[in-house]
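Below is one structure, written out as structure tokens; the observations come after it.
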Amino acid sequence: MCDVQECFRPSIDAFDGVVRSSKILIESAKIFNWPVFATEQVPSKLGRTAEEVLQCMREMHPENEEKVIKEKFPIAKSDFGMLRAILMGKDGDLNVQPNSLCGEESLAKMMYDADEIRVLLLGVEAHVCVYQTVKQIMEHNEKAGRNILKPFVLCDGVQSQRGVDREVALEKMKELGATMTTTEMFLFEEMGGAEHENFRDVAKTVRKYK
């Protein structure tokens, strides 16, 4: 989740759609037991994540409520892209300490143990921080010599202040190799059918935010 900060709400007409996708993803991630990584762009100046998204984080993971309240999560960053802030510690080394919402995972540690990690991306702004996150992911894959991180852009949860910026950003991210999808499309494709063990819980979550 990239910089879903309240300061962007007045200038992004579809900001509520980003909030909707964020809450569906947070709740679905708990159902699937997926880690959630989130950032805030210079929160000391731009402020915090939208309150309803923070509230969803606290409700889904009450064991980490204090971390959210004390502004230790989402992760503060100054780079436009998210990857460095999530992967690297303050000393410049890989951060293997837990830094996801669930408090049990770090992306760096996950990368040691997996052949491929699917990265679901949403947030703002599409043409700046989201785009540069995809760019960082592809550059990291190239340096690593393997496509360990596979980005999926949740288009209904990605916005910019200007429509043209969003349109160009989505096209450029596709050209870089990211898969374009939507929040519901990805979740239902993941399950494949109504017999999946998580179908009822996910469907209930999606209906709640229609």
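Each residue of the sequence shown is one higher than the last, beginning at 1 in full-length UniProt numbering.
C-beta atoms are modelled at their ideal positions from N, C-alpha and C, and glycine is treated no differently.
Check	Outcome
Residues bridged to G17 [DSSP beta-bridge criterion]	Paired residues: none, contrary to the question.
4-residue-minimum alpha helix (DSSP H) runs that sit fully inside the region 63 to 88, ordered along the chain	65 to 69 and 83 to 87
First and last residue of the uninterrupted beta strand (DSSP E) at F152	L149 to Q159
Proximity below 9 Å, CB of V134 to CB of M185	no
Sub-9 Å separation of E189 and K150 beta-carbons	no
Contacts around E52, its chain only, beta-carbon distance under 8 Å, and the 5 residues preceding and following it disregarded	V19 and K23
Cβ neighbours of M111 in the same chain (closer than 7 Å, five flanking residues each side left out)	I117 and I148
Alpha helix (DSSP H) segment containing V168, residue limits	G163 to L176
Three-state secondary structure (DSSP) of I117	strand
At least three beta-carbon pairs within less than 8 Å, the region 24 to 39 to the region 189 to 206	yes
Touch test, the region 5 to 12 against the region 57 to 72, Cβ-Cβ under 8 Å, three pairs minimum	no
Nearest-angstrom beta carbon gap, L25 and L107 [assumed within contact, 8 Å]	Between L25 and L107 the Cβ distance is about 16 Å, and since that is not below 8 Å, they are no contact.
N-terminal and C-terminal residue of the beta strand (DSSP E) that residue 241 is part of	Outside the modelled stretch of the chain, which goes from 1 to 210, sits residue 241, for which no answer is possible.
DSSP three-state assignment for T49, whether helix, strand or coil	strand
Rounded C-alpha distance that separates F152 from T181	7 Å
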